[in-house]
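Protein chains in written order, with numbering that gives the first Met the number 0: chain A, 0 to 410; chain B, 0 to 410. Where is the CB? At the ideal position from N, CA and C, for every residue including glycine. A quick write-up on the structure given underneath.
2 protein chains.
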Amino acid sequence: MKQSQLFTKLLKEAPAEEKSTNAQFLIRGGFVYKEMAGVYTYLPLGLRVLRKIENIIREEMEKIGGKEILMTVFQPKNLWEETGRWQKGIGEDVMYKCEGEGQGTVGLGPTHEEMVTDIIRHYVSSYKDLPLYVYQIQTKFRKELRAKSGLLRGREFDMKDLYSFHASQDDLKEYYKKATQAYFNVFKRCGLDVILTEASGGDFTKDYTHEFQVLSASGEDITVYCEKGDFAQNKEIAKLSAGEKCPVCKTVLKEASSVEVGNIFPLGTKYSEAMKAYFTEKDGSKKPIVMGCYGIGPSRTMGAIVEIHHDEQGIIWPKEVAPFSVHLLSLGQNEKSEKLYQDLQKRGIEVLYDDRENKTAGEKFAEADLLGIPQRLVVSEKTLKDDSVELKKRAEEKVTLVKISKIKDYV
Amino acid sequence: MKQSQLFTKLLKEAPAEEKSTNAQFLIRGGFVYKEMAGVYTYLPLGLRVLRKIENIIREEMEKIGGKEILMTVFQPKNLWEETGRWQKGIGEDVMYKCEGEGQGTVGLGPTHEEMVTDIIRHYVSSYKDLPLYVYQIQTKFRKELRAKSGLLRGREFDMKDLYSFHASQDDLKEYYKKATQAYFNVFKRCGLDVILTEASGGDFTKDYTHEFQVLSASGEDITVYCEKGDFAQNKEIAKLSAGEKCPVCKTVLKEASSVEVGNIFPLGTKYSEAMKAYFTEKDGSKKPIVMGCYGIGPSRTMGAIVEIHHDEQGIIWPKEVAPFSVHLLSLGQNEKSEKLYQDLQKRGIEVLYDDRENKTAGEKFAEADLLGIPQRLVVSEKTLKDDSVELKKRAEEKVTLVKISKIKDYV
């Protein structure tokens, strides 16, 4: 993409009320535009990042058998009344509601257990129909009292929710492990080190549920953890504190702020019993379907990536989620640069090409640092004297002069 | 995809209140699930079709310079007050509204002129920043009194909206022609013959706006048109009727029901003046940005395709929007079929493989006809005697026996 055709511009400052690092950089770089607190439009650069995160998630969900569907924002009241959640808990506190058109009051989905259970009970009748796994990547809405952390806490936000359906608790347990591994894969590819953390089951289960926490000063959670990886709990449920010893390996525990980027719940039969989602067992008996649910917020993940991967100048995108692989800067050398741009694109490399003629070298460098594309190529009179371009990785200081004919070995 | 792993099942009947052909077939085939009137969940097969339509649109929008963004469902009241539409017109009659969380009342976007104009005024200051074109593919919400036509009229539905911004009316006119051609390309690729029809400008303009109408008995519009293509108007504004003569070529005019699958509006400066979206001209004067807007409903397009392309047995998907290219049916020959399935997939062919062992040949054939995948391959004891598979196109009666070794020449 040519930067001259990109309508967004670098902003000197983000809105004053945006204190978080992710909102600051993402707004200043033209990745997102703030509509209201916790509600952001994705501009071309930001949408590219979001789609890359979504596609990583999609690939990992398909690998564990997930079938993609797309449920609706509008939630029928009657489904939520079946589980008693319309007037209680999330349906009361968190769900936006509005007057429908000949539909009575409808909710805006904050989560989709009721809806997916209704769909599945429509299709599943026998143990032969199980297990099955469905997921969606969809826009969710939640009333959040505070929405001051940029993409970390949205009132309208992007969510991947996977739901699994099983004939037995054992089968759920086995899949739960697979899903855990898939989540580790997702976050690794997104450049995030996550800690699998035990958390309260809430109204779901007496067992623990699990969260994927990224240590970050920007986080609203606190994780109590053992550095060797033998123990981690959300502070909300932890009976141990920093300074005490890990119950497994006796290492001294730590505590730190963290961002919850994913969570998984063994739902058991809570929803299937309430909504009469039964199946017929081999022996002819009727049993409630055993369920699990697994969430990742792609938009929150995007915010967390920025919180972790940045320096004072701007964002440093990890390779797999970067909006482009290469940022090509022409310093008054658009003819040679254009050719290089075309060549790189022909080889399938995603290039953002700064072809703007009304920007100084200093402005172009500063903007490249803010946008955070992993590799920067500079074409200038000086580099061309040597038939070369200057290559710099965003995460490193080192600058290398590379012959244009050899560039394909580097990027 | 293996049909044994697809959780949806053929339904003998659609819900009684679903009278439209598209809803009947799409629900029975497990493409969509009805949540409430005008609100449908996309199941795996349906989501594949929707994504293909979206990607066709995306490709054609990119060709005319469109840059993709993703705006929000939540609409700030203050933006709609700037144009006076919060309390009047679409904001009063059509927009769902709900109580925000510390946000006051928010709207659910039925259209995004206000929001996109606000974004653009934030970034555009000079004639040098123009023209520019942004689009999104996003979920919209509209209060519809009637929502009885399946995907043809949704309360929650998928929409592509492109907005163009120009320094002059002449530049808008030129782009308007390009966008018109892009729309013809989209609909042709979707298998739809469209008539470019003049319609009322509504509160947008004194000029005509233009609709893309598909003739279909299921349509809620009536188009008055000349078969030679010299004249077409929406009945709502037409001063001529069927039987009268075309003002251009004197052919006798016809009238027919039709579905509006797209529309384009020369907005002019209506929004930019109301919202003070000005730019500085070469001579230093300030002028309002000239705008156009261009909509296609991918979900409505999907409904229209089914209305046009079906027979009594089911859907007949046009090639580019079909959920799969090939429907491979194993009649008790899963070993040979599995190998063929793998081979076809390796060659990049999208295959739905009916590997189910508890279905009769008759059931498999009936389901294949309902699902409407363009090419059907049958592997049976009989065909294998001849080292062959049976090939039948969904749109044709002819059945051909093809050697397995030659299959790649056919599909």
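In this structure P14 (chain A) is exposed. Its beta-carbon is surrounded by fewer than 16 other beta-carbon atoms within 10 angstroms. In this chain, the beta strand (DSSP E) harbouring D353 (chain A) covers 350-353. A direct Cα-Cα distance of roughly 48 Å separates G228 (chain A) from G28 (chain B). Among the CB atoms of chain B, one or more fall inside 7 Å of the CB of M35 (chain A).
With 16 or more neighbouring CB atoms inside 10 Å of its own CB, Q2 (chain A) falls in the buried class. Within its own chain, the residues whose Cβ lies closer than 7 Å to the Cβ of I52 (chain A), once the five positions on either side in sequence are excluded, are C189, P297, T300, M301, V320, listed in chain order. Taken through DSSP and simplified to helix, strand or coil, Q374 (chain B) comes out as strand.
Excluding five sequence positions before and after P287 (chain B), the CB atoms of its chain that fall closer than 7 Å to its own CB belong to T268, S271, E272, A276, Y277, given in chain order.
Secondary structure in the segment 246-323 of chain A: the beta strand (DSSP E) runs of 3 residues or longer, each lying completely within the stretch, are 253-267, 277-279, 285-287, 289-295 in chain order.
When DSSP assignments are scanned along the segment 16-84 of chain B, the uninterrupted stretches of beta strand (DSSP E) that are 3 or more residues long and fall wholly within it turn out to be 31-35, 38-41, 73-75. Taking each of A:K11, A:T20, A:T7, A:M60 in turn and checking the Cα distance to G45 (chain A), the smallest one comes out for A:T7. In the DSSP assignment, K338 (chain B) falls within the alpha helix (DSSP H) that extends over 333-345. At a cut-off of 3 residues, the continuous stretches assigned as beta strand (DSSP E) that sit fully inside the segment 158-222 of chain B are 194-198, 208-214. Under the Cβ criterion of 7 Å, Y174 (chain B) is not counted among the residues facing chain A. Minimum Cα-Cα distance from P43 (chain A) among the listed residues A:E12, A:E389, A:L351, A:K335 corresponds to A:L351.
Just so you know, the alpha carbons of P373 (chain A) and V133 (chain A) end up roughly 34 Å apart. Within the segment 58-73 of chain A, the residues whose Cβ lies closer than 9 Å to some Cβ of chain B are G64, K66, E67, I68, L69, M70, T71, V72, F73, listed in chain order. Within the segment 99-111 of chain A, contact with chain B at the beta-carbon level (separation under 8 Å) is assigned to G99, E100, G101, Q102, V105, L107.
In this model, A36 (chain A) and G103 (chain A) are separated by some 28 Å (Cα to Cα). Ranked by Cα distance from Q312 (chain A), the first of A:T196, A:A365, A:D170, A:E61 is A:A365.
Contact check for G261 (chain B) against W316 (chain B) fails: the beta carbons are separated by 7 Å or more. By the Cβ-count criterion, E395 (chain A) is exposed, with fewer than 16 other Cβ atoms from all chains shown falling within 10 Å of its own Cβ. Look at L144 (chain B) here: in three-state DSSP terms it is coil, with no helix or strand label. Between the C-alpha atoms of C248 (chain B) and A231 (chain B) there is a straight-line separation of about 12 Å. Contact annotation: K139 (chain A) and F156 (chain A) have beta-carbon atoms nearer than 7 Å.
Per DSSP, the continuous alpha helix (DSSP H) segment holding V115 (chain B) begins and ends at 112-122.
When Cβ-Cβ separations below 7 Å define contact, F6 (chain A) makes contact with chain B. Ranked by Cα distance from G149 (chain A), the first of A:Q341, A:Y39, A:S387 is A:Y39. The alpha-carbon of R355 (chain B) is positioned some 9 Å away from that of G331 (chain B). Residue pairing by DSSP places Q135 (chain A) opposite A:D160 in a beta bridge. The alpha-carbon separation between N21 (chain A) and A241 (chain A) amounts to approximately 28 Å. For T382 (chain A), the enclosing alpha helix (DSSP H) covers residues 380-384. In the three-state scheme derived from DSSP, where H, G and I count as helix and E and B as strand, K96 (chain A) is classed as strand. DSSP places Q4 (chain B) in the helix class (H, G or I) of the three-state scheme.
CA-to-CA, the gap between E61 (chain A) and I136 (chain A) works out to about 13 Å. Of the residues assessed, A360 (chain B) falls on the exposed side of the cut-off, its CB having fewer than 16 other CB atoms within 10 angstroms.
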